[in-house]
Amino acid sequence: MPAMITFRVLGPLVATSPRGPVDLKGPRHRAVLARLLIARGRVVPVSRLVADLWEDPPDGAVGAVQTFVAALRKALEPDRPPRTPARLLVTAAPGYALRAEAVDAWQFEAAVTATGPPRDVLAGIDEALGLWRGPAYAEFAAEPWARGEATRLDELRLLALERRATALLDSDRAAEAVPDLEALVADHPWREGAWRLLALARYRVGRQGDALETLRRAREVLASDLGLDPGPDLRRLEEDILAQAPSLAGPRPAFADQLIGRADELARITAAAADVRARQRVGLVLISGEAGAGKTALASACVSRLGWTTAWGGNPDEEGLLAAWPWTQILDALPGPSPEPDTSGDPTVARFHWHRAVAAHLAGYAPLLLVLDDLHWAGEETLALLASLVAEPHAVLVIGTYRTTDVPGRLADFLGRVARSEPVRVYLGGLPLGDTAGLVRAMTGQDVDAATAEVIHRRSGGNPFFVRELSRLFAAGGDLAAVPAGVRDVVRYRVATLPETVQTVLRHAAVAGLDVDADVLPGDLDALEFAAARGFLVELGPGRFRFAHALVRDTLYEDLSRSRRARLHAHIAETLERSRPHDVEALAHHFLQAEAPVAARYARAAAEQAERRFAPHHAARLWRAALDHVGDEPRERLAVIMGLVRALALTGELAEARRHRAEALRLAETVADPALTAEVIAAFDVPAVWTENDDPALAERIVEVTERTLAAVPPDAAAVRSRLLSTIAMELRNTGGTRAREAAREAESIARGLDDPAVLAFALNARFMQSFDRAGRARERVAIGAELVDLAARHKLVTFEVLGHLILVQANAALADFVVADRHAAAADRLGEDYEIPLVSVLTDWYRAMRSTVAGQSAEAAYRAAAARLAGSGMSGMSGILGLALLCDRVQRGLPPRQEDFGGNEPWCRPLVLLSGGDAVPPAPRDLLFEVRTCLHAIAAIALDDRPAMTRLYAELEPAADELAGAGSGLLTLGPVAHYLGDLATALGRPAESASHYRKAEEVATRAVRRSGPAP
């Protein structure tokens, strides 16, 4: 079967294979594909395709369609053998059909129509809505053949939004449904279902007046636009709200889901309610916090927790409402006639008497809970009545909510007036990290790892509304670096309320970054302080600010055009260049974003700084950026390329590193400057621990150029000569013979006469690489590793310190000393994690899999898991290592061998699988796997009774009699070498030697178990 192709039509047409995006060629190719997708697997006649593609079909239109189809087939099934029928885009008389299996529109439709528990429905719809990247079949909107399907899918999307709101209501998350429903009725005012859901959601959060106002607006829209009265569902809902029908109540809230991180606040309000009942006096609770902090949700939870008679008054941000409108809502929500103000006499006296009448009226419903939401929008009359009520002797608890970032003068005056009554003040800040993870879990129904929770917490600042929006994005498989639509709308609305000068400064600050220095921004300090007072920024120190939420900064930044961003980045960079010329990190960022000519210079400086701080991933990003902006001058370009090669090698992107290294060699040779070529070769002093080359052809070319360059380097350039000789030994590895060993010895000799730790470390790596000319040299490698660790730790050569630890893992494992090997594996892991060197854990995973075989346990699962990570490492020189490891594991446990992918190890593994010698087994290369391959050869030679081979193999293995075969690789083992020496001696008729080797094998095995301890 062809590889699964995913087609995405909810936006521009895209096809993706496991290899990445599929090139869909030209616009008519894409139109053919879209037309077949719309047919949903049905055959589309060629004549229909011609008619749909051309208004006036040209001569040869049928042939053109055939060409388009052939090109699409090649793109969709690139591995299909010639002259075999297509499996995806098939020919079926009288035309073509597309046998697609994965289409986002089909997935979306299935999710919208699915049934199940509300949480499952909600999760499915959120995921489905996340598939939309724009209008369905966006690029074919004008085509008659696409219009019907696009319209149908758009209508399904509106249905999905309504079903999502219904699921939120059924999950007792009505407050979350309101913002999206408001947007839906604004964009589609004729959808009565959306109006009904919005009114119901507002009712369920205790906003009965707002619910009725919603229905009034729906009636006006339908009458003015369509000349129609509301349908029966809207009329029935209005009647039920007026009657406070029990059927509207919805499910009881689950506090654990709704109020994660707010248990203490809820307890304080509950205690305040108990105090109100005990003292029979009006109590005031003021819940404050920024927008989205959960003030209304906490008030709603109090309503459900107390179970008192409740009335809710909102303070909408609208002009033209009656004075004290929230109190009108509250009085209307309570049964019985409401007191009316007397407007016939003195207004001051009438106001006093009306306040007294309201207080007396409310007392009749005690214990009574009143909620006045959004006091920051409250008018003078609303606040005046609330202030007069506070001193009354009635069991009434009033909860008022307001934004700390929007405190107008009238609200500040009110807060001062009621301070003497000692209201309970509850401030809702951001949730801590643990509670953020809990809220994500409650929203998505799934656990999130610590890294994901930390990203959501950092970007949201713990703001519950922002956390919920990011949770939806996460559940839908979206990029957490994006800004959710709901957050974007809230931020835009809040920014629009600011003075224009403050908006301008905030946009400039967004370009500056998450942290803002007043010295690099145009505008005055007053604007920054105003933005901080409104909650957009946090003041860290004199002239230093930070955005309160990364999402706020990202929204402001993304709303700027690319041209304006570039201009602002350039302005900030030029300011920084004058005030902080050494801040190359910031200068590189801003000049790169401005696409300025100096961007490459600063990116290179920042990359070098990242290397000194040992941040290889960041360095690689900066080197890439520098390479994109550097000119054609060879020396500058070579410096950037080699910097990128170093960083890539450390981040584990070895294949890309090799490509760029080959490019650097080609470029260096065009300059014909031996000193420059030597510099380019010597710049790649990246440690290596594996003795088989990943790219032999490139290695051979590097050695050829290096030898030629070495001959031109003057004798007094000792450090360069040592590096070049080390390079020869490193690149030749297990194939260099005498020349490679001589180069390693000379490189080390020169390096020991220099005061350059980095040159010596590289030479020690070369010596290690050439320490495999015979078996049994593990103790020598222990000495090399120990010197490397000491040298590198003293001089902060982190990569060579890692190398030293890995060598000590290998060598101590060969000597069956797993206590010491474990210690060095742990040290290597710590360094790899601290300095982001991913290949370290790949190798230590293999070591721990091998280690479990020492006690006779099966390591197959661990080996396969380690191999999965190795597959993406670019270490092609380790091809077939999994098959070899599994074979060794089975042989040790006495199980029959089985065929695996042995890669380059095939000649030594095949005889055991076939239970015959087959072709002659070649001598094993002198490398980390020499002992294990030679032991496998010994098994085959004994089976064939090949005495010359047995005699030779015995002599080769005897120096390693005290080691574990293969364990020196740190990846696998076949058990004690002495065991195979005993078998060879027995087969050769040497009983005394045989007995001695078997005793040694038992001693090594016992030592391995004793020195292994519990697995790490």
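Residues in the sequence shown are numbered from 1374 upward in steps of one, following our numbering.
Ideal Cβ positions, reconstructed from N, Cα and C, are used throughout, including at glycine.
Proximity below 9 Å, CB of Pro-1766 to CB of Gly-1656
Numbered from its first residue, the sequence shown carries residue 1766 at position 393. Numbered from its first residue, the sequence shown carries residue 1656 at position 283. No. Outside cutoff.
I need the straight-line Cα distance from Gly-2126 to Gln-2143, nearest angstrom please.
Translated into the one-based positions of the sequence shown, residue 2126 becomes position 753. Translated into the one-based positions of the sequence shown, residue 2143 becomes position 770. Whole-angstrom Cα-Cα distance: 21 Å.
Going by DSSP, name the residue or residues bridged to Trp-1323.
The chain is shown from 1374 up to 2389; residue 1323 falls before or after that span and cannot be answered.
Can you tell me whether Pro-2284 is helix, strand or coil according to DSSP?
Counting from 1 along the sequence shown, the entry for residue 2284 is found at position 911. Here Pro-2284 sits in helix by DSSP.
Quick check on Gly-1667: buried or exposed, where buried means 16 or more other Cβ atoms within 10 Å of its Cβ?
Counting from 1 along the sequence shown, the entry for residue 1667 is found at position 294. Around the beta-carbon of Gly-1667, 16 or more other beta-carbon atoms lie within 10 Å, marking it buried.
Would you give the residue range spanned by the alpha helix (DSSP H) that Ile-1772 belongs to?
Counting from 1 along the sequence shown, the entry for residue 1772 is found at position 399. Note, Ile-1772: premise wrong, no alpha helix (DSSP H); beta strand (DSSP E) at 1769-1776.
Confirm, please, whether the CB-CB distance from Val-2053 to Leu-2011 is below 9 Å.
Taking the first residue of the sequence shown as position 1, residue 2011 is located at position 638. Taking the first residue of the sequence shown as position 1, residue 2053 is located at position 680. Taking the C-beta atoms as reference points, Val-2053 is found nearer than 9 Å to Leu-2011.
Quick check: the region 1878-1896 against the region 1915-1926, are there 3 or more CB pairs under 8 Å?
Touching, per the Cβ criterion.
Of all the options Thr-2108, Leu-1759, Leu-1449, which has the alpha carbon lying nearest to the alpha carbon of Ala-2297?
One-based indexing of the sequence shown puts residue 2297 at position 924. Cα-wise, what sits closest to Ala-2297 is Thr-2108.
What do you reckon, are the CB atoms on Asp-1862 and Ala-1556 nearer than 9 Å?
For the purposes of this step, residue 1862 is taken as residue 489 along the sequence shown, with counting starting at 1. For the purposes of this step, residue 1556 is taken as residue 183 along the sequence shown, with counting starting at 1. Contact flag set, yes.
How would you call Gly-1393, buried or exposed, if buried means at least 16 neighbouring beta carbons within 10 angstroms?
Here residue 1393 refers to the residue found at position 20 when the sequence shown is read from its first residue. By the 16-neighbour rule on beta-carbons within 10 angstroms, Gly-1393 is exposed.
Buried or exposed: Pro-1708, going by 16 or more other Cβ atoms within 10 Å of its Cβ?
For the purposes of this step, residue 1708 is taken as residue 335 along the sequence shown, with counting starting at 1. By the neighbour-count rule (16 or more Cβ atoms within 10 Å), Pro-1708 is not buried but exposed.
Would DSSP call Glu-2065 helix, strand or coil?
Here residue 2065 refers to the residue found at position 692 when the sequence shown is read from its first residue. In this structure, Glu-2065 counts as coil in the three-state DSSP scheme.
First through last residue of the beta strand (DSSP E) which encompasses Gly-1662:
In the sequence shown, the residue the question calls residue 1662 occupies position 289. Looking at the DSSP string, the run of the beta strand (DSSP E) that includes Gly-1662 is 1656-1662.
Can you tell me which residues form a DSSP beta bridge with Phe-1918?
For the purposes of this step, residue 1918 is identified with residue 545 of the sequence shown, where counting begins at 1. For Phe-1918, which the question treats as bridged, DSSP gives the partners Val-1889, Glu-1912.
Proximity to Asp-2262 [Cα-Cα], best of Ala-2235, Ser-2252, Leu-1449:
Position 889 of the sequence shown, counted from the start, is the residue given in the question as residue 2262. Ranking Ala-2235, Ser-2252, Leu-1449 by Cα distance to Asp-2262 puts Ala-2235 first.
Can you grab the Cα-Cα spacing for the pair Trp-1700 / Gln-1581, in whole Å?
The residue given as residue 1700 occupies position 327 in the sequence shown. The residue given as residue 1581 occupies position 208 in the sequence shown. Their backbone Cα atoms lie some 12 Å apart in a straight line.
Under the rule that 16 or more other beta-carbon atoms within 10 Å means buried, what is Ser-2099, buried or exposed?
Start at 1 with the first residue of the sequence shown, and residue 2099 comes out as number 726. The residue is buried, with at least 16 neighbouring Cβ atoms inside 10 Å.
Run through DSSP, which three-state label would Leu-2337 get?
The count along the sequence shown starts at 1 and reaches residue 2337 at position 964. Of the three classes helix, strand and coil, the one that applies to Leu-2337 here is strand, per DSSP.
Could you name the residues of the same chain whose beta carbon sits closer than 6 Å to that of Arg-1530, not counting the 5 residues immediately before and after it, in chain order?
The residue you call residue 1530 lines up with position 157 of the sequence shown. Excluding positions up to five away in sequence, the list is empty.
Within 9 Å, strictly: CB atoms of Ala-1572 and Leu-1585:
Position 199 of the sequence shown, counted from the start, is the residue given in the question as residue 1572. Position 212 of the sequence shown, counted from the start, is the residue given in the question as residue 1585. The beta carbons of Ala-1572 and Leu-1585 sit closer together than 9 Å.
Thr-1488 by DSSP, collapsed to three states: which one?
Residue numbering aside, residue 1488 sits at position 115 when the sequence shown is read from its first letter. Three-state DSSP puts Thr-1488 in coil, outside helix and strand.
What are the start and end residues of the beta strand (DSSP E) that includes Tyr-1576?
Taking the first residue of the sequence shown as position 1, residue 1576 is located at position 203. For Tyr-1576, there is no enclosing beta strand (DSSP E); the enclosing alpha helix (DSSP H) has its first and last residue at 1565-1577.
Straight-line Cα distance separating Ala-1826 from Ala-2340
Taking the sequence shown and counting its residues from 1, one reaches residue 2340 at position 967. Taking the sequence shown and counting its residues from 1, one reaches residue 1826 at position 453. Whole-angstrom Cα-Cα distance: 40 Å.
May I ask you to verify whether the region 2036-2047 touches the region 2318-2335, counting CB pairs closer than 8 Å and requiring at least 3?
Counting Cβ pairs under 8 Å, fewer than three are found: no touch.
Kindly indicate which three-state DSSP category Ala-2189 falls into: helix, strand or coil?
Taking the first residue of the sequence shown as 1, we reach residue 2189 at position 816. Of the three classes helix, strand and coil, the one that applies to Ala-2189 here is coil, per DSSP.
So the candidates are Gly-2343, Ala-2030, Ala-1636, Glu-1535; which of them puts its Cα closest to the Cα of Val-2018?
As a working mapping, residue 2018 is identified with position 645 in the sequence shown. With distances taken between Cα atoms, Val-2018 lies closest to Ala-2030.
Could you check which residue in Arg-1536, Pro-1712, Pro-1954 has the C-alpha nearest to that of Thr-1488?
As a working note, residue 1488 is residue 115 in the sequence shown. The shortest Cα separation from Thr-1488 among Arg-1536, Pro-1712, Pro-1954 belongs to Arg-1536.
Is the region 1450-1468 in contact with the region 1476-1484, if contact means three or more CB pairs nearer than 8 Å?
Taking a cut-off of 8 Å on C-beta distances, the region 1450-1468 does not touch the region 1476-1484, as fewer than three cross pairs fall below it.
What's the call for Met-1816, buried or exposed, on a 16-neighbour Cβ count within 10 Å?
Taking the sequence shown and counting its residues from 1, the one referred to as residue 1816 is at position 443. Under this definition Met-1816 is a buried residue.
Quick check: the Cα distance between Asp-1648 and Ser-1711, rounded to an integer number of angstroms?
The residue you call residue 1648 lines up with position 275 of the sequence shown. The residue you call residue 1711 lines up with position 338 of the sequence shown. Each residue's Cα considered, the two are about 27 Å apart.
Could you tell me whether the Cβ atoms of Met-2251 and Thr-2346 are closer together than 9 Å?
Mapped onto the sequence shown, residue 2251 falls at position 878. Mapped onto the sequence shown, residue 2346 falls at position 973. Inclusion of Met-2251 and Thr-2346 in the CB contact set at 9 Å is not warranted, their separation being larger than that value.
Close Cβ partners of Lys-2373 (< 6 Å) along its chain, the five nearest in sequence each way excluded:
Start at 1 with the first residue of the sequence shown, and residue 2373 comes out as number 1000. Shown here for Lys-2373: same chain residues with a beta carbon closer than 6 Å to its own, the five before and five after excluded, namely Ala-2334, Ala-2351 in chain order.
CB Val-1878 to CB Ala-1900, shorter than 9 Å?
The residue given as residue 1878 occupies position 505 in the sequence shown. The residue given as residue 1900 occupies position 527 in the sequence shown. In contact: Val-1878 and Ala-1900 (Cβ atoms closer than 9 Å).
With DSSP as the reference, identify every bridge partner of Ser-1390, one or two as the case may be.
Within the sequence shown, numbered from 1, the residue matching residue 1390 stands at position 17. The partner list for Ser-1390 (beta bridge, DSSP) reads Gly-1393.
Would you check if there are 3 or more beta carbon pairs closer than 8 Å linking the region 2123-2137 to the region 2163-2176?
Result yes; three or more Cβ-Cβ pairs closer than 8 Å.
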